[in-house]
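Peer 1: Numbering (the working numbering), first residue to last: 702 to 1093. Ideal Cβ positions, reconstructed from N, Cα and C, are used throughout, including at glycine. One structure coming up, written as structure tokens, with questions to follow.
Structure, rendered in structure tokens:
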């Protein structure tokens, strides 16, 4: 099977590593990939249209999309026009991640447990509501913001500042609509699941750590590390998540006639009242994927093809009971302004420990943070945006 993998970060490296183990994988193309993906064929195409054209010309059997931006731009729609198999939701369904207000409306209409929230398109109205409610509050930019558009405000002043940042353009167009949400108290967990519109299959649980600094402090990031399983997700809680969140999600997809053949990521807060939804993502999480795929024993190529072809009812996932962890090292200053061009040292020492997993060899060029950042994945250097190193 000829497979196209779209993306080039640690998440995509994890997916490429797992796909390369499959006897079904004949050729693996990556767009853009990264220098550490030895054996993968780099592809220059980078838009929905050019990627679809490439897939048609090269007779690609299956395409897997990592980044959310392309899903929200309609890459699945372009592939479907050409009759090409691809994993992911179409542009309309991708709003479950691309618009927090769209997702919140979906949750409410289909009875999924979530925090109370109000949506604002005018700064003055949002600020008035914040002052009336008082802290703590969660302020969310409506659109895509690379995991940095959410502020957990402990004080009213922090909430006011976060609202002003959004409307002042800190997140571009993504912040011109703002959600002001009640602050849920509890422990977070990440629940990934495969969904083909007819069947939904949860993956093993994981827990992402989003705050930039030690002790769960500092601004939110795209993720500073993850491990699997999440101890907070007991078998009893997993059954409740399946019953109260995943199955109602599938029913909602069907009732709204959404085209969804991909991965749904449910960010969960485990509260005293039970699991509540924080957010949806419509793709594999990063860095959760690096930990979760370490535990997968099933053939990922077979699983993804079944997802794209709506045959998940035929799939049973197999997992190792061994836990896995991924730790992210970020460029100095992240998630704000960060340094570039700094060499990454210690690669040989890390490999000498024997802890690195058998992934494609490192590139022959020195690893630096010249192109935004570089990233490690299981002890191998990758060029990656902002989050520099993520050994698992």
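1) Which residues does DSSP pair with residue 732 in a beta bridge?
2) Output needed for residue 875: all residues of its chain with C-beta closer than 7 angstroms, excluding positions within five of it in sequence on either side, in chain order.
3) Under DSSP, the alpha helix (DSSP H) around residue 776 begins and ends at which residues?
4) What is the DSSP secondary structure of residue 929, counted as helix, strand or coil?
5) Are there 16 or more other CB atoms within 10 angstroms of the CB of residue 1062, so buried, or fewer, so exposed?
6) Rounded to whole angstroms, what is the Cα-Cα separation between residue 767 and residue 883?
7) Just the Cα atoms here: how many angstroms apart are residue 1015 and residue 900?
8) Please check the pair residue 752 and residue 1006, which I expect to be a contact at CB under 8 angstroms, by giving their CB distance rounded to whole angstroms.
9) Less than 7 angstroms between C-beta atoms, sequence neighbours within five positions excluded: which residues of the same chain meet that for residue 864?
10) Going straight from the alpha carbon of residue 695 to that of residue 994, what length do you get?
11) For the alpha helix (DSSP H) containing residue 832, list its first residue and its last residue.
12) What span of residues does the alpha helix (DSSP H) with residue 1021 cover, start to end?
13) Would you please state the rounded distance, in angstroms, between the beta carbons of residue 978 and residue 813? I believe it to be under 8 angstroms.
14) Please state the DSSP three-state secondary structure of residue 953.
15) For residue 993, does the three-state DSSP call read helix, strand or coil?
16) Considering residue 979, what are the terminal residues of the beta strand (DSSP E) in which it resides?
17) Buried or exposed, going by whether 16 or more other CB atoms sit within 10 Å of the CB of residue 745?
18) When the Cα of residue 712 is compared with those of 761, 769, 703 and 759, which residue comes out closest?
19) With C-beta atoms as the reference, is residue 1049 less than 7 angstroms away from residue 1021?
20) Could you tell me whether the Cβ atoms of residue 972 and residue 885 are closer together than 7 angstroms?
21) Within its chain, find whatever has a CB closer than 6 angstroms to the CB of residue 867; leave out the 5 residues flanking it on each side and keep chain order.
22) Helix, strand or coil: which one does DSSP assign to residue 922?
23) From what residue to what residue does the beta strand (DSSP E) around residue 946 run?
24) DSSP puts residue 909 in a beta bridge; with which residues?
25) Taking only three categories from DSSP, how would you classify residue 876?
26) Going by other Cβ atoms of all chains shown within 10 Å of its Cβ, with 16 needed for buried, is residue 958 buried or exposed?
27) Locate the beta strand (DSSP E) running through residue 888, then write down its first and last residues.
28) In chain order, what residues of the same chain have a beta carbon less than 6 angstroms from the beta carbon of residue 1018, not counting five sequence neighbours either side?
29) Would you identify the three-state DSSP class for residue 764, choosing helix, strand or coil?
30) Can the beta-carbon of residue 961 be found less than 7 angstroms from the beta-carbon of residue 790?
31) Going by DSSP, name the residue or residues bridged to residue 941.
Peer 2: This is what the structure holds:
1) In the chain shown, residue 732 corresponds to position 31, counting from 1. In the DSSP output, where bridge partners are listed per residue, residue 732 has 707.
2) Mapped onto the chain shown, residue 875 falls at position 174. Excluding positions up to five away in sequence, the list reads 842, 843, 844, 845, 846 and 850.
3) Within the chain shown, the letter at position 75 stands for residue 776. It spans 776–782 - the alpha helix (DSSP H) in which residue 776 sits, taken as one unbroken run.
4) Locating residue 929 in the chain shown gives position 228, where the first residue counts as 1. Note: residue 929 maps to strand in three-state DSSP.
5) Mapped onto the chain shown, residue 1062 falls at position 361. With a pLDDT of only 31 at residue 1062, under 50, the local geometry of the prediction cannot be trusted, and the value read off the model is given with reservation. It is exposed - the Cβ of residue 1062 has fewer than 16 other Cβ atoms within 10 Å.
6) Here residue 767 corresponds to residue number 66 of the chain shown, with the count starting at 1. Here residue 883 corresponds to residue number 182 of the chain shown, with the count starting at 1. C-alpha separation (whole angstroms): 30 angstroms.
7) For the purposes of this step, residue 1015 is taken as residue 314 along the chain shown, with counting starting at 1. For the purposes of this step, residue 900 is taken as residue 199 along the chain shown, with counting starting at 1. Each residue's alpha carbon lies about 10 angstroms from the other.
8) Along the chain shown, one-based indexing puts residue 752 at 51. Along the chain shown, one-based indexing puts residue 1006 at 305. Not a contact, Cβ separation roughly 18 angstroms.
9) Sequence index remark: in the chain shown, residue 864 carries index 163 (1-based). Only 824, 827, 828, 831, 840 and 879 meet the Cβ criterion.
10) Coverage of the chain is limited to positions 702 through 1093, which leaves residue 695 absent and any answer about it impossible.
11) Start at 1 with the first residue of the chain shown, and residue 832 comes out as number 131. Looking at the DSSP string, the run of the alpha helix (DSSP H) that includes residue 832 is 824–834.
12) As a position in the chain shown, residue 1021 is number 320, starting the count at 1. Per DSSP, residue 1021 belongs to no alpha helix (DSSP H) and is neither H nor E.
13) Numbered from its first residue, the chain shown carries residue 978 at position 277. Numbered from its first residue, the chain shown carries residue 813 at position 112. Residue 978 to residue 813, Cβ: 5 angstroms. Contact.
14) Numbered from its first residue, the chain shown carries residue 953 at position 252. Note: residue 953 maps to helix in three-state DSSP.
15) The residue labelled residue 993 in the question sits at position 292 within the chain shown. Helix, per DSSP.
16) As a first step, residue 979 is located in the chain shown; it is residue number 278 there, counting from the start. Unbroken beta strand (DSSP E) run through residue 979: 975–982.
17) Within the chain shown, residue 745 is the residue found at index 44, counting from 1. By the 10 Å Cβ count, residue 745 comes out exposed.
18) In the chain shown, residue 712 corresponds to position 11, counting from 1. Out of 761, 769, 703 and 759, 769 has the C-alpha closest to the C-alpha of residue 712.
19) The count along the chain shown starts at 1 and reaches residue 1049 at position 348. The count along the chain shown starts at 1 and reaches residue 1021 at position 320. Taking 7 angstroms as the Cβ cut-off, residue 1049 and residue 1021 do not qualify as a contacting pair.
20) Here residue 972 is taken as the residue at index 271 of the chain shown, counted from 1. Here residue 885 is taken as the residue at index 184 of the chain shown, counted from 1. Result yes, Cβ atoms of residue 972 and residue 885 sit closer than 7 angstroms.
21) Reading the chain shown from its first residue, position 166 is the one you call residue 867. Cβ neighbours of residue 867 beyond the five flanking positions: 842, 876 and 879.
22) In the chain shown, counting from the first residue as 1, residue 922 sits at position 221. Coil, per DSSP.
23) As a working note, residue 946 is residue 245 in the chain shown. Element bounds for residue 946: n/a, residue is neither H nor E.
24) As a working note, residue 909 is residue 208 in the chain shown. DSSP, once it has assigned bridges, lists 927 as partnering residue 909.
25) Locating residue 876 in the chain shown gives position 175, where the first residue counts as 1. Helix.
26) The residue you call residue 958 lines up with position 257 of the chain shown. The residue is exposed, with fewer than 16 neighbouring Cβ atoms inside 10 Å.
27) Translated into the one-based positions of the chain shown, residue 888 becomes position 187. 888–896 is the extent of the beta strand (DSSP E) around residue 888.
28) For the purposes of this step, residue 1018 is taken as the residue at position 317 of the chain shown. So the list reads 999, once near-sequence residues are dropped.
29) Within the chain shown, the letter at position 63 stands for residue 764. Here residue 764 sits in strand by DSSP.
30) Within the chain shown, residue 961 is the residue found at index 260, counting from 1. Within the chain shown, residue 790 is the residue found at index 89, counting from 1. In contact: residue 961 and residue 790 (Cβ atoms closer than 7 angstroms).
31) For this step, residue 941 is matched to residue 240 along the chain shown. Residue 941 pairs with nothing; no bridge assigned.
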